[in-house]
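Visitor: The sequence shown begins at 1 in our numbering and counts up one residue at a time. Cβ coordinates follow ideal geometry from the N, Cα and C atoms, glycine included. Owing to the predicted nature of the structure, the values given are computational and were not obtained by experimental measurement.
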Amino acid sequence: MKMMCKLLPALLACMLLGSVQTAGAGDNPVQDIASLQAKAKAGDAEAQCALADRYMSGQGIRQDYAKGIEWDRKAAAQGSAEGQHWLGVIYYEGTGVKQDYAKALEWFRKAADQGHASAQGWLGGMYSEGKGVAQDKS
Numbered sequence: 001m002k003m004m005c006k007l008l009p010a011l012l013a014c015m016l017l018g019s020v021q022t023a024g025a026g027d028n029p030v031q032d033i034a035s036l037q038a039k040a041k042a043g044d045a046e047a048q049c050a051l052a053d054r055y056m057s058g059q060g061i062r063q064d065y066a067k068g069i070e071w072d073r074k075a076a077a078q079g080s081a082e083g084q085h086w087l088g089v090i091y092y093e094g095t096g097v098k099q100d101y102a103k104a105l106e107w108f109r110k111a112a113d114q115g116h117a118s119a120q121g122w123l124g125g126m127y128s129e130g131k132g133v134a135q136d137k138s
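1) Enumerated in chain order, which unbroken segments of the alpha helix (DSSP H) with a length of 4 residues or greater are wholly contained in the segment 46 to 129?
2) Consult DSSP for A134 and reduce its assignment to one of helix, strand or coil.
3) Return the CA-CA distance between L87 and I33, expressed in angstroms with no decimal places.
4) Looking at the structure shown, is G44 part of a helix, part of a strand, or coil, going by DSSP?
5) Could you name the residues of the same chain whose beta carbon sits closer than 8 Å to that of Q140, not counting the 5 residues immediately before and after it, in chain order?
6) On the three-pair Cβ rule with 8 Å, is the segment 95 to 106 touching the segment 71 to 78?
7) Hey, out of I61, Q59 and G83, whose CA is closest to D44's CA?
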């Protein structure tokens, strides 16, 4: 019990510090979206991917798969491995588009060739399961 009495203030202090550090980040979702939109329109591929994610998830903005895919395409066209990866996921799962393993494979390959670990995992899974390619479990 004495140990708990000593640990409790330390745990509370850690929790308080954590909440202070995150204050200010994402406090105004409308402003965050406006800032992302401005950066994305200016050609910032990272912002384009972040905005695409917001549209796909509906986080802080009305969910719109078409707009999300459009922003991922813009990022991917600039060579963004993240944008390419998400287009792979979109086509693999058929989210907002007709499911197309060949297109998913194409986008995963582009991202994987740049060292994108998640895309490499998806690509390996496609070969292992034989989705869009001849099955290869090696």
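Guide: In short, the structure shows the following:
1) 65 to 77, 81 to 93, 101 to 113 and 117 to 129
2) Along the sequence shown, read from residue 1 onward, the residue named residue 134 stands at position 134. Of the three classes helix, strand and coil, the one that applies to A134 here is coil, per DSSP.
3) In the sequence shown, the residue the question calls residue 87 occupies position 87. In the sequence shown, the residue the question calls residue 33 occupies position 33. For L87 and I33, the distance between alpha carbons rounds to 21 Å.
4) Taking the sequence shown and counting its residues from 1, one reaches residue 44 at position 44. Sequence inspection shows Asp at residue 44; the Gly mentioned does not correspond to that position. Here DSSP, grouped into helix, strand and coil, assigns D44 to coil.
5) Given that the chain is displayed from residue 1 to residue 138, the structure contains no residue 140 and the question cannot be resolved.
6) no
7) In the sequence shown, counting from the first residue as 1, residue 44 sits at position 44. Nearest C-alpha to D44: G83.
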